[in-house]
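Peer 1: Below is one structure. I have some questions about it.
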Amino acid sequence: MDFFKRAVELVSKMTLHEKISQMQYESPAIERLGIPAYNWWNESLHGVARSGTATVFPQSIAMAASFNDKLMEKVGIAISDEVRAKYNQYKKFNGTEIYQGLTCWSPNINIFRDPRWGRGHETYGEDPLLTAKMGTAYVKGMQGYDKKYRKVDCTLKHYAVHSGPESQRHSFNAEVTEQDLYETYLYAFEYCIKHADPSAIMGAYNRVYGEPCCGSSFLLDKILRKQFGFSGYVVSDCGAICDFHKYHKVTENETQSAALAVKSGCDLNCGDTYKWLNAAVKDGLLSEEDITKSAERLFYTRFRLGMFDEDCLYNNIPYSKICCKKHKKLNLEMAHQSIVMLKNDGILPLSRNINLAVIGPNADDLSVLLSNYNGTPDDHYTFLRGIKKECKGNVIYARGCHPKEDESTSRYSEHPLREALIAAEHSDIIIMCMGINPSIEGEESLHRGFKGDRESIEMPEIQQKLFNEILKKDKPIIFINISGSCVDLSMPDEKANAVIQCFYPGALGGIALADILFGKKSPSGRLPVTFYKNTSDLPNFEDYSMKGRTYRFFEGKPVYRFGYGLTYADVKEEWLDEHTVRLINNSDTDTLYSVLRYQDNTMRKLLDFKKVKLHRKSMMMVKFR
649 MDFFKRAVEL
659 VSKMTLHEKI
669 SQMQYESPAI
679 ERLGIPAYNW
689 WNESLHGVAR
699 SGTATVFPQS
709 IAMAASFNDK
719 LMEKVGIAIS
729 DEVRAKYNQY
739 KKFNGTEIYQ
749 GLTCWSPNIN
759 IFRDPRWGRG
769 HETYGEDPLL
779 TAKMGTAYVK
789 GMQGYDKKYR
799 KVDCTLKHYA
809 VHSGPESQRH
819 SFNAEVTEQD
829 LYETYLYAFE
839 YCIKHADPSA
849 IMGAYNRVYG
859 EPCCGSSFLL
869 DKILRKQFGF
879 SGYVVSDCGA
889 ICDFHKYHKV
899 TENETQSAAL
909 AVKSGCDLNC
919 GDTYKWLNAA
929 VKDGLLSEED
939 ITKSAERLFY
949 TRFRLGMFDE
959 DCLYNNIPYS
969 KICCKKHKKL
979 NLEMAHQSIV
989 MLKNDGILPL
999 SRNINLAVIG
1009 PNADDLSVLL
1019 SNYNGTPDDH
1029 YTFLRGIKKE
1039 CKGNVIYARG
1049 CHPKEDESTS
1059 RYSEHPLREA
1069 LIAAEHSDII
1079 IMCMGINPSI
1089 EGEESLHRGF
1099 KGDRESIEMP
1109 EIQQKLFNEI
1119 LKKDKPIIFI
1129 NISGSCVDLS
1139 MPDEKANAVI
1149 QCFYPGALGG
1159 IALADILFGK
1169 KSPSGRLPVT
1179 FYKNTSDLPN
1189 FEDYSMKGRT
1199 YRFFEGKPVY
1209 RFGYGLTYAD
1219 VKEEWLDEHT
1229 VRLINNSDTD
1239 TLYSVLRYQD
1249 NTMRKLLDFK
1259 KVKLHRKSMM
1269 MVKFR
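According to the working numbering, the stretch in the sequence shown is residues 649 to 1273, in order.
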């Protein structure tokens, strides 16, 4: 019997109350039918998240900078191995808790349309094709290749037209042109559905054209199922259905909200609004048949994951996969490829015998490695630790300042600026580890006292002050910007000898950076987002029109454009026709190299990309379809 028939048969034995209980993310056991309890909520954005020890890969935006979807797929395989390994152990406890299941609410394939959006680093950047291909690779690797069972389930989120502001995410209404809707906001969803067959879609908090995303027949039925051919289940974002009556004001109460969501095609509720589905059926707002359809989709999912079978090959994935050597090697490889060199006047690579000052608030900060939605690494290397590991000369560290504002409030507080100036005095070259961190950009979070988004893209004033003071020492400066989004790098671009962008690079980011700095690896990352000059370059954050946004529609001159990135090699591209490019490496340096194919060489629309290895003094032909 196939999985869907098994699902139909099992659901047919349930009462209405039992079916409804299974449509809530904390699904209770139904002992009379042999159904164990299951919690649908798990996270695996860049490694198993919030569930103890795991391999912490670079954040999504960092992996996008690799422009390597084949490597992304390998990362997906590794993450899903660890998800399964944990599940295989957790299920011995008779029912999983949150963050212990096989249904992963990842990847985030929203478009990073505005650098102020705090959750942008969870995405694969501003380009629809890059997002689509990286998301597809992730899903393929995660879900596995067995013809019968899935290793884990992936959930594309947040559907749809969702990218800030965080403070308004529960209430805003996105009004976009049809062209922007399909070419920008929905492109990656359609592509991933057609090329990777993801198991689930997560509806967003906001409205589109006046309809809440989790209660929109236009989005969930007309487009998602009928146009895109999606056959999986839909889950709401957490608390999104109660937003219908609380903030969107499209319904009057919980009962109406629950009914609207199910009628529109939302099968699973992250939240508690579906507790009112019994009342909704009683009031005639929907039928038991509507409930049955959703329950069948959900149990088809559980059967396909092998939850009720002994012969599922993934049941044998051992716990030894967690943070294993193979995964750490892959983690380091992705971290290497995620680092983007933006400027180099010849100072890099460094001699290992040099005396260095490592200065800046991000030099020894674990949070900038791990980003958000992360696990706990069994070991980690901050940038300071990585540099100290590789450098044979003297390395002096000074924080220099706090990340955002001067926290010195009394004469007894730390005053780190002077220490930084002393460190600079006693060095040959200064490495400045600057930028922002996940406490400055992130998801809406009241308990942390901020709404997630940034008000501006300028470097924090306290860091600008530190940089200007260090400049006075007239020493060579290598400026490392660590952030999940664009920071105005005009000043470092003008005054530093080298500029490197490190998106949150994972647990081994310090090793990866050191390997680049000292020439063990040639940098090969490219920017997945535009680095603008200042906040005034940006349109109104609340405006969802794509006019003036991203490299495709921005008319100004950025500090660094989308797709920009240098290597240590001297590589020349010769396009022979629109599908064929000759790469010539004139240097004595081996390097990885990303080839970006644009429409008509206009640099306005990315059509494809490939990452290749170029040996020293060599030529290679690269063909695109």
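For glycine and all other residues, C-beta sits at the position ideal for the given N, C-alpha and C.
Can you tell me where the beta strand (DSSP E) holding residue 622 begins and where it ends?
Peer 2: Coverage of the chain is limited to positions 649 through 1273, which leaves residue 622 absent and any answer about it impossible.
Peer 1: Among 911, 907 and 942, which residue has its Cα nearest to the Cα of residue 926?
Peer 2: Within the sequence shown, the letter at position 278 stands for residue 926. That would be 907, whose Cα lies nearest to the Cα of residue 926.
Peer 1: Report, in whole angstroms, the separation of the C-beta atoms of residue 1041 and residue 1003, which I expect to be a contact under 8 Å.
Peer 2: Position 393 of the sequence shown, counted from the first residue, corresponds to residue 1041. Position 355 of the sequence shown, counted from the first residue, corresponds to residue 1003. About 4 Å; that satisfies the 8 Å criterion.
Peer 1: For residue 824, tell me which candidate among 1126, 835, 1209 and 809 has the shortest Cα-Cα distance.
Peer 2: Sequence index remark: in the sequence shown, residue 824 carries index 176 (1-based). When each option's Cα is compared against that of residue 824, the closest is 809.
Peer 1: Rounded to whole angstroms, what's the CA-CA distance from residue 961 to residue 794? Just pull it up for me.
Peer 2: Counting from one through the sequence shown, the residue named residue 961 turns up at place 313. Counting from one through the sequence shown, the residue named residue 794 turns up at place 146. Answer to the nearest angstrom: the Cα atoms are 9 Å apart.
Peer 1: May I have a chain-ordered list of the alpha helix (DSSP H) segments no shorter than 4 residues that lie completely inside the segment 805-830?
Peer 2: Taking only runs of at least 4 residues, no alpha helix (DSSP H) segment lies wholly in the segment 805-830.
Peer 1: Return the chain-ordered list of same chain residues with a C-beta closer than 6 Å to the C-beta of residue 1100, the five sequence neighbours on each side being excluded.
Peer 2: As a first step, residue 1100 must be located in the sequence shown, where it is residue number 452. Hits under 6 Å: 766, 814, 1090, 1091 and 1092.
Peer 1: Hey, is residue 971 close to the ligand GDP, as in C-beta under 7 Å from one of its heavy atoms?
Peer 2: Here there are no bound small molecules, and the ligand GDP is not part of this structure.
Peer 1: Do residue 1088 and residue 1135 count as a contact pair if the criterion is CB distance below 8 Å?
Peer 2: In the sequence shown, residue 1135 corresponds to position 487, counting from 1. In the sequence shown, residue 1088 corresponds to position 440, counting from 1. Cβ distance not < 8 Å, so residue 1135 and residue 1088 don't count as in contact.
Peer 1: Using a Cβ-Cβ cut-off of 6 Å (strictly less than) and excluding sequence neighbours within five positions of residue 800, which residues of its own chain qualify?
Peer 2: As a first step, residue 800 must be located in the sequence shown, where it is residue number 152. Result list for residue 800: 728, 731, 750, 752 and 790, in chain order.
Peer 1: According to DSSP, simplified to helix, strand and coil, what is residue 1101?
Peer 2: Residue mapping note: residue 1101 aligns to position 453 of the sequence shown, counting from 1. Looking at residue 1101 - three-state DSSP - the assignment turns out to be coil, as it is neither helix nor strand.
Peer 1: Using alpha carbons as the reference points, say which of 715, 875, 860 and 723 lies closest to residue 899.
Peer 2: Position 251 of the sequence shown, counting from 1, holds the residue named residue 899. It is 860 whose Cα lies nearest to the Cα of residue 899.
Peer 1: For residue 745 and residue 699, I'd like the C-alpha separation in whole angstroms.
Peer 2: Here the question's residue 745 lines up with position 97 in the sequence shown. Here the question's residue 699 lines up with position 51 in the sequence shown. If you take the alpha carbons of residue 745 and residue 699, they lie about 10 Å apart.
Peer 1: Which residues in the same chain have their Cβ closer than 7 Å to the Cβ of residue 1256, if we skip the five residues on either side of it in sequence?
Peer 2: Against the sequence shown, residue 1256 aligns to sequence position 608. Excluding sequence neighbours, residue 1256 sits near 1245 and 1272.
Peer 1: Would you give the residue range spanned by the beta strand (DSSP E) that residue 1146 belongs to?
Peer 2: Position 498 of the sequence shown, counted from the first residue, corresponds to residue 1146. Note, residue 1146: beta strand (DSSP E), 1146-1150.
Peer 1: Excluding the 5 residues flanking residue 1193 on each side, which residues of the same chain have their C-beta closer than 8 Å to its C-beta?
Peer 2: Translated into positions along the sequence shown, residue 1193 becomes position 545. Excluding residues within five positions, the ones whose Cβ falls inside 8 Å are 824, 825, 828 and 1187.
Peer 1: Run the CB neighbour count on residue 660, radius 10 Å, all protein chains shown included, and call it buried at 16 or more, exposed below.
Peer 2: Numbered from 1 along the sequence shown, position 12 holds the residue referred to as residue 660. So residue 660 ends up on the exposed side.
Peer 1: Roughly how many angstroms separate the alpha carbons of residue 971 and residue 1021, rounded to a whole number?
Peer 2: Position 323 of the sequence shown, counting from 1, holds the residue named residue 971. Position 373 of the sequence shown, counting from 1, holds the residue named residue 1021. Using only the alpha carbons, I get a separation of about 17 Å.
Peer 1: Roughly how many angstroms lie between the CA atoms of residue 1339 and residue 932, to the nearest whole one?
Peer 2: Outside the displayed range of the chain (649 to 1273) lies residue 1339, so it cannot be described from this structure.
Peer 1: According to DSSP, simplified to helix, strand and coil, what is residue 1081?
Peer 2: Numbered from 1 along the sequence shown, position 433 holds the residue referred to as residue 1081. Strand at residue 1081.
Peer 1: Just verifying my parser: in three-state terms, what is the DSSP assignment at residue 887?
Peer 2: Residue mapping note: residue 887 aligns to position 239 of the sequence shown, counting from 1. DSSP places residue 887 in coil when its eight states are reduced to three.
Peer 1: Just curious, the beta strand (DSSP E) that residue 1272 is in, first and last residue?
Peer 2: Translated into the one-based positions of the sequence shown, residue 1272 becomes position 624. That residue, residue 1272, is in no beta strand (DSSP E); it is neither H nor E in DSSP.
Peer 1: For residue 803, which residues of its own chain have a beta-carbon under 6 Å away from its beta-carbon, when the five flanking residues on both sides are left out?
Peer 2: Position 155 of the sequence shown, counting from 1, holds the residue named residue 803. Taken in chain order, the residues that qualify are 753, 848 and 850.
Peer 1: Residue 901 to residue 893, Cα distance in whole Å?
Peer 2: Looking up residue 901 in the sequence shown gives position 253. Looking up residue 893 in the sequence shown gives position 245. Spanning the two alpha carbons is a distance of roughly 6 Å.
Peer 1: State the Cα-Cα distance for the pair residue 1017 and residue 707, rounded to the nearest angstrom.
Peer 2: For the purposes of this step, residue 1017 is taken as the residue at position 369 of the sequence shown. For the purposes of this step, residue 707 is taken as the residue at position 59 of the sequence shown. In a straight line, the C-alpha of residue 1017 is about 8 Å away from that of residue 707.
Peer 1: Quick one: residues in its chain with C-beta nearer than 6 Å to the C-beta of residue 775, no 5 flanking neighbours on either side, listed in chain order?
Peer 2: Position 127 of the sequence shown, counted from the start, is the residue given in the question as residue 775. Excluding sequence neighbours, residue 775 sits near 1254.
Peer 1: Taking C-alpha atoms, which residue in 1132, 1267 and 1144 lies nearest to residue 1112?
Peer 2: Looking up residue 1112 in the sequence shown gives position 464. It is 1144 whose Cα lies nearest to the Cα of residue 1112.
Peer 1: Pull up the distance between the alpha-carbon of residue 663 and that of residue 966, whole angstroms please.
Peer 2: Taking the sequence shown and counting its residues from 1, one reaches residue 663 at position 15. Taking the sequence shown and counting its residues from 1, one reaches residue 966 at position 318. Straight-line Cα distance between these residues: approximately 37 Å.
Peer 1: Please return the same chain residues whose Cβ sits closer than 6 Å to the Cβ of residue 1127, not counting the five positions on each side in sequence.
Peer 2: Taking the sequence shown and counting its residues from 1, the one referred to as residue 1127 is at position 479. 1080, 1140, 1144 and 1147, listed in sequence order.
Peer 1: Determine the DSSP secondary structure at residue 723, reduced to helix, strand or coil.
Peer 2: The residue labelled residue 723 in the question sits at position 75 within the sequence shown. If DSSP states are grouped into helix, strand and coil, residue 723 belongs with the helices.
Peer 1: Determine whether the beta carbon atoms of residue 995 and residue 1124 lie at a separation below 8 Å.
Peer 2: Within the sequence shown, the letter at position 347 stands for residue 995. Within the sequence shown, the letter at position 476 stands for residue 1124. For residue 995 and residue 1124, yes; Cβs fall inside 8 Å.
Peer 1: Nearest-angstrom Cα distance between residue 838 and residue 805?
Peer 2: Working through the sequence shown from its first residue, we reach residue 838 at position 190. Working through the sequence shown from its first residue, we reach residue 805 at position 157. The alpha-carbon atoms of residue 838 and residue 805 are separated by roughly 12 Å.
Peer 1: Taking the alpha helix (DSSP H) that residue 1230 belongs to, which residues open and close that run?
Peer 2: In the sequence shown, residue 1230 corresponds to position 582, counting from 1. No alpha helix (DSSP H) contains residue 1230, which is instead part of the beta strand (DSSP E) from 1228-1233.
Peer 1: Tell whether a beta-carbon distance below 8 Å holds between residue 1009 and residue 1050.
Peer 2: Sequence index remark: in the sequence shown, residue 1009 carries index 361 (1-based). Sequence index remark: in the sequence shown, residue 1050 carries index 402 (1-based). In contact: residue 1009 and residue 1050 (Cβ atoms closer than 8 Å).
Peer 1: Under the three-state reduction of DSSP, which class applies to residue 787: helix, strand or coil?
Peer 2: Counted from its first residue, the sequence shown places residue 787 at position 139. In this structure, residue 787 counts as helix in the three-state DSSP scheme.
Peer 1: Three or more beta-carbon pairs under 8 Å between the segment 1149-1158 and the segment 975-993, yes or no?
Peer 2: Yes, the segment 1149-1158 touches the segment 975-993.
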